[in-house]
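Engineer: Chains as they are written, first to last, in the working numbering: chain S, 1 to 604; chain L, 605 to 839.
The beta carbon of each residue, even a glycine, is placed where N, CA and C say it ideally should be.
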Ligand SMILES: Cc1cc2nc3c(=O)[nH]c(=O)nc-3n(C[C@H](O)[C@H](O)[C@H](O)COP(=O)(O)O)c2cc1C
Ligand code: SF4
Ligand code: FES
Ligand code: FES
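This is how it looks when you write it as structure tokens:
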């Protein structure tokens with residue numbers, strides 16, 4: 001039996017030859033062999049009781065999986081717009097020069113592969129890159145030759161970490177050069193707290209009372225959509241099903257968002273406490289943390305935290321002596337797909353299939369993971385829930401605004417003095433936040449990431465809240481030195497790359513939108529191209545199947561609305577009477593060549 | 605429990621039953637909602653979005669959205685029709701559709717929808733993607749140029765043929781229909797008698813050697829526009 005065959009058989013066996021664990025299987029095959037070879041699709045399918053094409057379907061979906069042989073070391077340079085503005089393109093050039101290869105290529109000795117990847121959640125210390133699971137931040141072109149030399153001598157990327165970052169980043173189980181950059185702690189999430197006080201309190205109440213408390217607190221989901229958490233738990237509790245599940249959404253894929261990274265580093269216990277409270281409230285025995293592939297460096301630490309909680313009877317059977325309350329958690333690794341942050345995609349991915357979203361009737365609270373009632377919540381939502389149980393729903397509801405209770409954790413990045421994490425009460429004005437972050441000469445702020453809104457100074461007096469400026473955490477600042485349409489273009493590129501392709505408007509519409517925006521940016525667009533962008537953008541929003549396509553035209557629609565003069569300056573009328581994108585000289589070139597003479601009317 | 609109730613489509617009150625989709629209820633009442641990925645013998649998946657309607661102010665795919673008592677639905681409004689037309693145009697420009705030379709012409713649901721919507725040319729620029737043609741199977745041709753990713757073949761193979769010949773692979777604009785064989789369709793257990801062979805709404809999956817058995821001019825949509833069969837039903 002060849003080595004490949006025995007390796008694959010071993011991996012499949014470790015996951016019980018279970019097709020529902022296909023994600024874990026192909027992730028491990030990728031790690032072990034440097035790719036998931038096409039010749040192995042059939043074998044994996046047989047071992048995991050599925051079909052060859054299903055394996056291909058999964059492998060071809062996730063950016064971190066490849067059917068082509070990659071180096072033992074894969075460098076993924078973050079290609080987010082924030083990183084570009086901080087110089088990532090020059091860093092990329094330096095990598096190309098030092099390695100002697102282009103992007104999406106592998107060195108001749110087969111050792112190192114170079115790729116680009118969307119936001120890796122390090123925008124506060126950009127430019128950054130992943131070297132396998134290791135994060136390297138604050139890059140400059142000057143640092144690259146040395147880094148590459150070190151990697152060639154010693155392929156262990158962890159050896160590149162000279163000095164670990166602050167807080168738990170220095171923990172031996174993380175040991176990353178990442179910094180938390182916590183700029184302002186608030187009363188709810190980043191304040192000092194009594195560990196497990198919330199859980200102990202919950203266990204003195206009935207599950208229904210716990211749900212009532214979370215409802216009274218007015219807690220709304222922190223992942224972006226803002227659904228009432230207590231209500232979601234109640235629906236999950238009431239839904240019929242022998243088994244129920246608690247899922248923690250740690251996919252954090254929205255560019256410019258990195259607050260869950262910091263919570264998983266500094267508040268892992270609080271996240272797990274919140275999940276345990278949710279499990280008690282809805283009657284679940286199994287939990288899953290869906291951890292984005294980019295945060296693989298946190299996996300060992302999280303697993304250790306889970307183990308410690310098992311030993312302390314905070315997870316496992318008869319939690320804290322509470323007869324009949326059993327709950328345990330596993331980690332599901334993602335593999336580079338933004339759409340997997342959408343809750344139904346996340347569930348598909350946990351079930352071992354490609355991350356296509358599914359229809360939201362029935363909703364996951366009725367039929368979610370393994371067709372069972374499932375509560376999916378964001379990392380920060382679980383933290384809030386644990387604190388609410390400890391300090392009381394009234395305390396929580398008294399913070400923030402009438403329709404947005406509590407505080408929000410923001411990740412601020414881009415053109416400002418103090419990028420990092422700010423815990424602010426809801427209702428805080430954007431202008432005030434910008435001042436605290438040391439942002440001057442601001443032309444535009446993207447609130448909520450590419451799927452959110454690009455706003456200008458006229459909107460700076462709005463508050464951060466569900467009712468005014470809503471965000472899952474991302475706040476990107478752009479100074480008046482930046483080209484706002486370059487930002488919009490980069491965001492459209494992101495959506496084109498990340499669309500799952502399931503539905504027509506998102507699969508095709510985003511490509512058409514991006515192409516037309518490029519035309520306008522080149523200065524060969526006209527007024528009617530702006531109408532085209534508006535109408536097409538509205539159709540994509542209106543008809544797309546999931547939240548990705550329903551928000552993907554926002555970079556264009558919000559800039560058309562808030563930065564119209566920028567567009568108008570680019571589409572000034574032209575005098576020739578032809579479309580501006582039409583070049584008559586070029587058009588007659590070939591005919592002139594055939595005729596052997598130049599055009600009488602159109603010539604240079 | 606009484607499980608029939610009324611819903612309203614474009615101001616017309618119709619009967620609906622618990623468990624029906626909006627499309628089921630509309631069909632039964634003789635109201636045609638345009639569609640492509642949906643097929644009466646298959647589970648609906650809501651991928652083409654041509655059936656988008658407005659339900660109580662929010663867009664929904666009629667083929668997957670279950671009816672609820674008292675629903676108010678907009679189907680035939682200028683705004684909804686425009687969105688649908690835009691989607692149909694998108695399908696034309698994302699592939700390579702040469703209707704006038706296509707064996708499926710006249711039986712093609714995409715072409716028929718375009719006619720129903722009065723589309724003579726798409727408003728978006730053609731993307732001219734490079735697509736594969738797989739002629740490896742002795743009896744069946746798979747021409748990805750004309751695929752609209754409706755996944756009818758995927759579902760038909762699983763749900764009706766008890767096989768697993770097709771599945772989506774890749775993502776985004778590069779998504780395509782993959783086959784369950786080492787390389788090509790010829791490596792799979794697909795048979796010409798499979799339902800998956802004849803369920804393609806366009807000319808992507810085609811039976812070899814029978815392309816012109818029915819002459820152009822005498823084909824399904826040469827006789828009546830798509831949707832007429834539904835509109836003829838009067839409850
Ligand atoms: C394309 C897309 C990506 C998303 N990514 C995330 C994410 O990374 N993290 C997250 O918590 N929610 C994300 N969401 C929202 C989730 O679908 C879901 O609403 C959320 O996890 C629910 O948790 P909450 O109620 O606690 O916010 C995303 C939604 C969409 C449409
Ligand atoms: S909107 Fe459609 S194509 Fe886009 S990610 Fe969602 S399901 Fe996929
Ligand atoms: S027919 Fe409903 S989405 Fe295709
Ligand atoms: S006529 Fe529609 S695909 Fe050929």
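For the beta strand (DSSP E) that residue 627 (chain L) lies in, which residues bound it at each end?
Structural biologist: No beta strand (DSSP E) contains residue 627 (chain L), which is instead part of the alpha helix (DSSP H) from 626 to 632.
Engineer: Does DSSP put residue 663 (chain L) in a helix, in a strand, or in coil?
Structural biologist: strand
Engineer: Taking its Cβ as the centre, do 16 or more other Cβ atoms sit within 10 Å of residue 84 (chain S), making it buried, or is it exposed?
Structural biologist: Its Cβ being crowded by 16 or more others within 10 Å, residue 84 (chain S) is buried.
Engineer: Can you check whether the CB of residue 71 (chain S) is closer than 8 angstroms to the CB of residue 110 (chain S)?
Structural biologist: It is a contact, given that the beta carbons lie within the stated cut-off.
Engineer: Given 8 angstroms as the limit, is there contact between the segment 35 to 47 of chain S and the segment 7 to 21 of chain S, that is, 3 or more CB pairs closer than that?
Structural biologist: yes
Engineer: How should residue 643 (chain L) be labelled, buried or exposed, when 16 other C-beta atoms within 10 angstroms of its C-beta is the threshold for buried?
Structural biologist: buried
Engineer: Tell me whether residue 665 (chain L), by its Cβ, gets closer than 7 angstroms to a heavy atom of ligand 3.
Structural biologist: yes
Engineer: Consider the C-beta atom of residue 648 (chain L) and the heavy atoms of ligand 3; say whether any pair is separated by less than 7 angstroms.
Structural biologist: yes
Engineer: Does at least one heavy atom of ligand 2 sit under 7 angstroms from the Cβ of residue 499 (chain S)?
Structural biologist: yes
Engineer: What are the boundary residues of the beta strand (DSSP E) that residue 568 (chain S) is part of?
Structural biologist: Per DSSP, residue 568 (chain S) belongs to no beta strand (DSSP E); it is in the alpha helix (DSSP H), 564 to 570.
Engineer: Would DSSP call residue 751 (chain L) helix, strand or coil?
Structural biologist: coil
Engineer: Taking only runs of the beta strand (DSSP E) that begin and end inside the segment 764 to 801 of chain L, which ones reach a length of at least 3 residues, in chain order?
Structural biologist: 770 to 773, 780 to 783
Engineer: Under 7 angstroms from any heavy atom of ligand 3, does the C-beta of residue 642 (chain L) make it?
Structural biologist: yes
Engineer: Which parts of the segment 147 to 209 of chain S are runs of the alpha helix (DSSP H), unbroken and 4 residues or longer, counting only runs that do not cross its ends?
Structural biologist: 197 to 203
Engineer: Between the Cα of residue 639 (chain L) and the Cα atoms of L:685, L:705, L:740, which residue gives the shortest distance?
Structural biologist: It is L:685 whose Cα lies nearest to the Cα of residue 639 (chain L).
Engineer: Please name the residue, chosen from S:206, S:13, S:170, S:403, that lies closest to residue 389 (chain S) on a Cα-to-Cα basis.
Structural biologist: S:206
Engineer: Taking only the alpha-carbon atoms, compute the straight-line gap between residue 17 (chain S) and residue 243 (chain S) and give it to the nearest angstrom.
Structural biologist: 22 angstroms
Engineer: What separation, rounded to the nearest whole angstrom, lies between the Cα atoms of residue 348 (chain S) and residue 398 (chain S)?
Structural biologist: 38 angstroms
Engineer: Can a CB atom of chain L be found closer than 8 angstroms to the CB of residue 579 (chain S)?
Structural biologist: no
Engineer: For chain L, find out if any of its Cβ atoms is closer than 8 angstroms to the Cβ of residue 359 (chain S); answer yes or no.
Structural biologist: yes
Engineer: Quick check: the segment 533 to 547 of chain S against the segment 641 to 655 of chain L, are there 3 or more CB pairs under 8 angstroms?
Structural biologist: Judged by Cβ distances under 8 angstroms, the segment 533 to 547 of chain S makes contact with the segment 641 to 655 of chain L, as three or more pairs qualify.
Engineer: Which residues, taken in chain order from the segment 49 to 66 of chain S, show a beta carbon closer than 7 angstroms to some beta carbon of chain L?
Structural biologist: 51, 52, 53, 54, 56, 57, 60, 61
Engineer: Output the boundary residues of the alpha helix (DSSP H) element that contains residue 57 (chain S).
Structural biologist: 52 to 59
Engineer: Flag this pair as touching only if the segment 675 to 694 of chain L and the segment 657 to 665 of chain L have three or more C-beta atom pairs under 8 angstroms; answer yes or no.
Structural biologist: yes
Engineer: If we cut at 8 angstroms on Cβ distances, does residue 502 (chain S) have a partner in chain L?
Structural biologist: yes
Engineer: Between S:417, S:269, S:225, which has its C-alpha nearest residue 192 (chain S)'s C-alpha?
Structural biologist: S:269
Engineer: Compare the C-beta of residue 543 (chain S) against all C-beta atoms of chain L and say whether one is closer than 8 angstroms.
Structural biologist: yes
Engineer: At a Cβ threshold of 8 angstroms, is residue 687 (chain L) touching chain S?
Structural biologist: yes
Engineer: Residue range of the alpha helix (DSSP H) that residue 808 (chain L) falls in?
Structural biologist: Where residue 808 (chain L) is concerned, there is no enclosing alpha helix (DSSP H), given that its DSSP letter is neither H nor E.
Engineer: What whole-angstrom Cβ distance do residue 510 (chain S) and residue 465 (chain S) have, given they're in contact under 8 angstroms?
Structural biologist: By a beta-carbon distance limit of 8 angstroms, residue 510 (chain S) does not contact residue 465 (chain S). Their separation comes to about 29 angstroms.
Engineer: In terms of alpha-carbon separation, which member of S:391, S:258, S:359 lies closest to residue 194 (chain S)?
Structural biologist: S:391
Engineer: Starting from the C-beta of residue 463 (chain S), find all residues in its chain whose C-beta is less than 8 angstroms away, skip the five residues before and the five after it, and write them out in chain order.
Structural biologist: 401, 426, 427, 428, 429, 430, 469
Engineer: At least one CB of chain S closer than 8 angstroms to the CB of residue 675 (chain L): is that the case?
Structural biologist: Output row for residue 675 (chain L): interface = no.
Engineer: What residues from chain C crowd round residue 806 (chain L), counting only those whose CB sits closer than 8 angstroms?
Structural biologist: The displayed structure is made up of protein chains S and L, and chain C is not among them.
Engineer: Is the segment 365 to 372 of chain S touching the segment 782 to 792 of chain L in the sense that three or more CB pairs, one from each, lie closer than 8 angstroms?
Structural biologist: Too few Cβ pairs lie closer than 8 angstroms, so no.
Engineer: Tell me, please, whether the CB atom of residue 455 (chain S) is closer than 8 angstroms to any CB atom in chain L?
Structural biologist: no
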